[in-house]
Every structure is written in structure tokens, then in C-alpha cells.
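Trainee: Residues 1 to 115 (the UniProt record's numbering) are what the sequence shown spells out, left to right.
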Amino acid sequence: MRTVYPLTRYRDPDAAIDWLSKAFGFEVHQVSKGDDGAIKHAELLAGTGMIMLGPGEPGGPGVYIAVDDPDAHHDRAVTAEARITMELTDQSYGSREYACEDPEGNLWYFGTHRP
């Protein structure tokens with residue numbers, strides 16, 4: 001195995017890309033559209049990491065992303081109206097992290113933990 005990429009599904013991938021960029025600072029790497037103009041696959045960068053997304057029903061497993069400054073990241077997500085599901089917390093294993101849902105209900109975790 002070389003690399004693992006988290007994959008999330010959205011009813012409205014276009015809106016998701018806009019929101020994820022605004023709320024979490026992702027940058028668009030690639031967007032592939034079908035003949036109908038609808039997004040079929042997208043790749044978004046976060047530092048040296050990447051997530052993929054596409055059309056479908058949201059939900060399922062959450063995504064954890066290590067960040068350098070979880071407090072600033074949390075504030076950015078709150079400004080973008082992310083629904084915070086776990087407030088910023090200093091964990092017993094040394095990570096400072098929070099969790100939130102995006103507008104379609106996918107779970108996102110951000111913190112300083114780096115396995």
C-alpha cells in the first residue's frame with residue numbers, strides 16, 4: 001500500500017468544494033465532470049495530504065486531519081458555520097482537537113495528533 005486517501009460523498013459536490021475550501025482551507029487539485037457537467041470526482045489538497053470526494057449520500061466514517069493550529073482552524077470552521085460536534089479539547093493522549101459536521105452531515109476531526 002502506498003497512500004490512503006479519505007473519500008467523502010456529497011449530494012451537491014460543487015457546494016461541498018466551495019464550503020470545504022472556505023471552512024477548512026482545502027485547495028482544489030482536480031475536478032472531473034461528466035458529459036452532463038456534474039462533478040464525478042474531485043481531489044482537494046490540505047498541505048501534503050489529499051482527500052477525494054464525489055456524488056452520493058453523505059455519512060459514514062469521519063475524516064481526521066492533523067493541523068498545526070487547531071484553535072485557528074476551529075475559528076475558521078465556526079466562521080463558515082460548521083456545526084461543532086466536539087468543542088476544542090486537550091486529549092489525554094496529547095492532541096488538541098475538535099470535531100464538526102459539514103453541511104451534508106459528514107464528520108470531520110481536526111487536531112494535533114500525528115500517529
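A virtual CB, placed ideally from N, CA and C, is assigned to each residue, including glycine. Model, not experiment: these values are computed from the prediction.
(1) Please work out which residues of its chain come closer than 6 Å, Cβ to Cβ, to methionine 86, disregarding the five sequence neighbours upstream and downstream, and give them in chain order.
(2) Please confirm whether threonine 89 has its beta-carbon closer than 8 Å to some beta-carbon of chain B.
(3) What is the DSSP secondary structure of alanine 72, counted as helix, strand or coil?
(4) Taking buried to mean at least 16 other C-beta atoms within 10 Å of its own C-beta, is tyrosine 5 buried or exposed?
(5) Give the straight-line distance between the Cα atoms of leucine 53 and leucine 88, rounded to the nearest whole angstrom.
(6) May I have a chain-ordered list of the alpha helix (DSSP H) segments no shorter than 4 residues that lie completely inside the UniProt domain "VOC" (2 to 113)?
(7) Excluding five sequence neighbours on each side, which residues of the same chain lie with their C-beta closer than 6 Å to the C-beta of glycine 62?
(8) Using CA atoms only, rank isn't needed, just tell me which of Ser21, Val31 and Gly37 is closest to alanine 46.
(9) Flag this pair as yes or no: are the beta carbons of alanine 72 and alanine 23 separated by less than 8 Å?
(10) Do alanine 42 and isoleucine 17 have their C-beta atoms closer together than 8 Å?
(11) Of the choices Thr112, Glu104, Trp19 and Ile84, whose alpha-carbon is the least far from that of glycine 56?
Mentor: According to the structure shown:
(1) As a first step, residue 86 is located in the sequence shown; it is residue number 86 there, counting from the start. Here the set comprises Tyr98 and Ala99.
(2) The structure shown contains no chain B; it is built from a single protein chain.
(3) Within the sequence shown, the letter at position 72 stands for residue 72. Collapsing the DSSP output to three states places alanine 72 in a helix.
(4) To locate residue 5, count along the sequence shown from 1; it is residue 5. It counts as exposed.
(5) Start at 1 with the first residue of the sequence shown, and residue 53 comes out as number 53. Start at 1 with the first residue of the sequence shown, and residue 88 comes out as number 88. Distance between the alpha carbons of leucine 53 and leucine 88: 26 Å.
(6) 13 to 24 and 70 to 79
(7) Along the sequence shown, one-based indexing puts residue 62 at 62. Cβ neighbours of glycine 62 beyond the five flanking positions: Leu107 and Tyr109.
(8) To locate residue 46, count along the sequence shown from 1; it is residue 46. Comparing Cα-Cα distances from alanine 46 to each of Ser21, Val31 and Gly37, the minimum goes to Ser21.
(9) On the sequence shown, position 72 is the one that residue 72 refers to. On the sequence shown, position 23 is the one that residue 23 refers to. No. Outside cutoff.
(10) The count along the sequence shown starts at 1 and reaches residue 42 at position 42. The count along the sequence shown starts at 1 and reaches residue 17 at position 17. Taking 8 Å as the Cβ cut-off, alanine 42 and isoleucine 17 qualify as a contacting pair.
(11) What you label residue 56 is simply residue 56 of the sequence shown in a count that begins at 1. The shortest Cα separation from glycine 56 among Thr112, Glu104, Trp19 and Ile84 belongs to Glu104.
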